[in-house]
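Protein sequences appear in the order of chains A and B.
For what it's worth, the numbering used here labels the leading residue of the first sequence as 13, then goes sequentially.
For what it's worth, the numbering used here labels the leading residue of the second sequence as 35, then goes sequentially.
Each remark here refers to the structure printed beneath this line.
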Amino acid sequence: MLEKRLVSDRKLAPLVAQFVPLKVDVSSADWRTLSSQYPVAGNTIPVVYVIRADGQKIFGARKALSGDELPRMLRAARGQAGGTLNAQQQSVVRSAVAEARDAFNQGQVAKTIKALRPLAKLGPLGQIPCYAKAVVEANSLAQKLVDRGRTELKKIQQTLAKNKEVFPALLALVTVERAYRPLNALNREIGSVLRETSRKTEFKPLLAQAKAIDKARLRATARGGLAKAVREMTALVILYRGDAAEATARVELEKLAGKDFQVPELVPGELRTWQDDTGKFRIVAKLVEHRGSKVELERETGDRVTVPITRLSTVDRALLRAAQK
Amino acid sequence: MRQAVLALIVLVTVASDIRDAAAAAPRSLAEAQNVAQLTGLPILAIAGRDT
Numbered sequence: 013m014l015e016k017r018l019v020s021d022r023k024l025a026p027l028v029a030q031f032v033p034l035k036v037d038v039s040s041a042d043w044r045t046l047s048s049q050y051p052v053a054g055n056t057i058p059v060v061y062v063i064r065a066d067g068q069k070i071f072g073a074r075k076a077l078s079g080d081e082l083p084r085m086l087r088a089a090r091g092q093a094g095g096t097l098n099a100q101q102q103s104v105v106r107s108a109v110a111e112a113r114d115a116f117n118q119g120q121v122a123k124t125i126k127a128l129r130p131l132a133k134l135g136p137l138g139q140i141p142c143y144a145k146a147v148v149e150a151n152s153l154a155q156k157l158v159d160r161g162r163t164e165l166k167k168i169q170q171t172l173a174k175n176k177e178v179f180p181a182l183l184a185l186v187t188v189e190r191a192y193r194p195l196n197a198l199n200r201e202i203g204s205v206l207r208e209t210s211r212k213t214e215f216k217p218l219l220a221q222a223k224a225i226d227k228a229r230l231r232a233t234a235r236g237g238l239a240k241a242v243r244e245m246t247a248l249v250i251l252y253r254g255d256a257a258e259a260t261a262r263v264e265l266e267k268l269a270g271k272d273f274q275v276p277e278l279v280p281g282e283l284r285t286w287q288d289d290t291g292k293f294r295i296v297a298k299l300v301e302h303r304g305s306k307v308e309l310e311r312e313t314g315d316r317v318t319v320p321i322t323r324l325s326t327v328d329r330a331l332l333r334a335a336q337k
Numbered sequence: 035m036r037q038a039v040l041a042l043i044v045l046v047t048v049a050s051d052i053r054d055a056a057a058a059a060p061r062s063l064a065e066a067q068n069v070a071q072l073t074g075l076p077i078l079a080i081a082g083r084d085t
C-alpha cells in the first residue's frame, strides 16, 4: 500500500525524487543488515527508514504513514539530509578530494587548501552541508587542516609571549595567515592574533619585514617567478642588513638561489655592473653621486652617465638605499 | 479540446517520471548506498513482504 502510494501519488513525486528509493523484502539479506544496523522496536510491517548518505539514520518506524504523515515525514527528513550533488559537481568534488588527499599526505598545507578551494562554492570549507562520501572526506580534510593551523598558531603565540626568536615567529604567523586564509573557521582566530601582534610597537616594523620576506618567497611559486624572487630576496638581505630579519632573509635566499649565491655589495669607488630588472640595460661603472631620483655613474673610460634610479634593478636600488642609511 | 490535450500531456509526463523512477530505483541496499554516497541523496527504504 505504502510502496504503491510512493510510486503512483503524483503529489509525492517531487518529494520522492529527492530520495534513493529502496524496496526491501523482509526475508532478504538486505533486511537482516538493515534491521541489525538500524533496529526499530516491534515486529510489524511495513518498516520505513530514511538513511542519510553517510549512513546516519534520520527516521525509522513500523507504520504505513497514512495521509499527511508521509509527506510531512519526507519533508522533515529531507531537511536533515543535507545538500545533493549533480553529476558535474560529483566529478569536481571527486578530483578535488583526490588531489587534496595526496597533498595532505605529503604534508603540503597550501596545496591541500588550494585543491579544496573549488568546493567553497558548495559551502564553507570543513562545514559543507552535504553527506556525499567525497564531501564528507573534504570536510574531514579541511577540519584536520584547521586543527593543524590552530596548533601552529598556538606555538607562534607562545614563542611571541616569551619574546624569544621573535622574527621567525612573526614570519611563521604571516605564512600561516596566507596559507590558512580560505578556511573560515581559522581565519578569524588568525586575524585576531595578527591584530594583537601589530598593535605592539616593537613588533610592527618586524611584521612588515616578515610580510616582505613572505611576499618574495611566494613569487618563486609563480611560473617563471624564481628569478624575480631571487632579486627581491637579495634586495631584502641588503636592506635588512644588521636587523633580526637579515638572517631569515639569507636562509630564504639560500633556498631560492643556492649556497654559492653571492649577495652584491656596493663598495665606494669600485667598479660594478649596474643593470635593470630585465638585464637588457647594463653598465660597468662606479658610483659618483646619488642625487634625489637620479644617480651619476662613471665608466672605466671616465665618461659619466646620469641614470634615473627607477630604471635600475631591485637589487641596485636596494644597494643605493642601504648606502644612504 | 485544449484542456484534454493538456491533461494528456500531464498524464504522459507523470507516467514517464514514474517509469524513469522505477527504472532508476536501486535493487539492493549496497546499490542504494552507492548512489547515496555519490549524490548525497538520503535512502528511503520500505521493508515489507514481496507480494
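Note that the Cβ used here is the ideal one computed from N, Cα and C, for glycine as well.
Would you report the Cα separation of residue i and residue j, rounded to the nearest angstrom?
| i | j | result |
| --- | --- | --- |
| A/GLY54 | A/ALA73 | 9 Å |
| A/TRP286 | A/LEU157 | 46 Å |
| B/GLY74 | A/ASP42 | 21 Å |
| A/LYS292 | A/GLY281 | 24 Å |
| A/ALA222 | A/GLN118 | 26 Å |
| A/ALA88 | A/ALA76 | 17 Å |
| A/GLU301 | A/GLU308 | 5 Å |
| A/LEU46 | A/GLU177 | 58 Å |
| B/LEU63 | A/ALA29 | 18 Å |
| A/GLY254 | A/VAL205 | 27 Å |
| B/LEU78 | B/GLU65 | 13 Å |
| B/ASP84 | A/ARG160 | 52 Å |
| A/ALA173 | A/THR163 | 15 Å |
| A/LYS145 | B/LEU72 | 6 Å |
| B/GLY82 | A/SER40 | 10 Å |
| A/LEU97 | A/ILE70 | 19 Å |
| A/LEU137 | A/SER152 | 9 Å |
For the alpha helix (DSSP H) containing residue i, name the first residue and the last one.
| i | result |
| --- | --- |
| A/LEU82 | 81 to 92 |
| A/LEU147 | It should be pointed out that residue 147 of chain A corresponds to Val in this sequence rather than to Leu. Here the alpha helix (DSSP H) through A/VAL147 covers 145 to 174. |
| A/LEU185 | 178 to 192 |
| A/THR96 | Element bounds for A/THR96: n/a, residue is neither H nor E. |
| A/PRO217 | 216 to 231 |
| A/ASP328 | 326 to 336 |
| A/PRO26 | 25 to 28 |
| A/ASP42 | 41 to 49 |
| B/LEU72 | 63 to 73 |
For the beta strand (DSSP E) containing residue i, list its first residue and its last residue.
| i | result |
| --- | --- |
| B/ALA81 | 77 to 82 |
| A/ALA132 | No beta strand (DSSP E) contains A/ALA132, which DSSP labels as neither H nor E. |
| A/ILE295 | 294 to 303 |
| A/ALA73 | 69 to 73 |
| A/PRO320 | 316 to 320 |
| A/THR285 | 284 to 287 |
Classify residue i as helix, strand or coil using the three-state DSSP reduction.
| i | result |
| --- | --- |
| B/ALA55 | Residue placement at B/ALA55 cannot be trusted, given a pLDDT of 46 that sits under 50; the coordinates are not used to answer. |
| A/GLU201 | helix |
| A/ILE140 | coil |
| A/LYS16 | helix |
| A/LYS306 | strand |
| A/VAL109 | helix |
| A/ILE250 | helix |
| A/ASP114 | helix |
| A/VAL62 | strand |
| A/VAL121 | helix |
For the putative contact between residue i and residue j, defined by C-beta atoms under 8 Å, what is the C-beta separation to the nearest angstrom?
| i | j | result |
| --- | --- | --- |
| A/ILE57 | A/VAL38 | 6 Å |
| A/VAL275 | A/ILE250 | 7 Å |
| B/PRO60 | A/ALA93 | Wrong, their Cβ atoms sit about 17 Å apart, outside the cutoff. |
| A/PRO194 | A/ARG129 | 6 Å |
| A/LEU248 | A/THR209 | Contact doesn't hold; Cβ gap of about 20 Å is too wide. |
| A/ALA232 | A/LEU182 | About 20 Å separates the two Cβ atoms, so there is no contact after all. |
| A/ILE225 | A/ALA261 | 6 Å |
| A/THR318 | A/LYS337 | A/THR318 to A/LYS337, Cβ: 23 Å. No contact. |
Is the CB of residue i under 8 Å away from at least one CB in chain E?
| i | result |
| --- | --- |
| A/ARG64 | Here chain E cannot be found, since the structure's protein chains are A and B. |
Check your understanding: Any residues in the region 21 to 54 of chain A with a beta carbon nearer than 8 Å to a beta carbon of chain B? Which ones, in chain order?
Key -> For the region 21 to 54 of chain A, the set of residues with a beta-carbon nearer than 8 Å to any beta-carbon of chain B comprises ARG22, ALA25, VAL28, ALA29, GLN30, PHE31, VAL32, PRO33, LEU34, LYS35, VAL36, ASP37, VAL38, SER39, ASP42, TRP43, THR45, LEU46 and SER47, in chain order.
Exercise for review: Give, in chain order, every residue of the region 132 to 148 of chain A whose Cβ lies closer than 7 Å to some Cβ of chain B.
Suggested key: Those residues of the region 132 to 148 of chain A that come within reach of chain B (Cβ to Cβ, closer than 7 Å) are CYS142, TYR143, ALA144, LYS145 and VAL147.
**Study point:** Against chain B: residues of the region 55 to 85 of chain A by CB proximity under 7 Å
**Key:** Here the close residues are ILE57, PRO58, VAL59, VAL60, TYR61, VAL62, ILE63, ARG64, ALA65 and ILE70.
Review point. Listed from N- to C-terminal order along the chain, which residues in the region 91 to 104 of chain A have their beta-carbon within a distance smaller than 7 Å of any beta-carbon of chain B?
Key: Cβ contacts with chain B: ALA93, GLY94, GLY95, THR96, LEU97 and GLN102.
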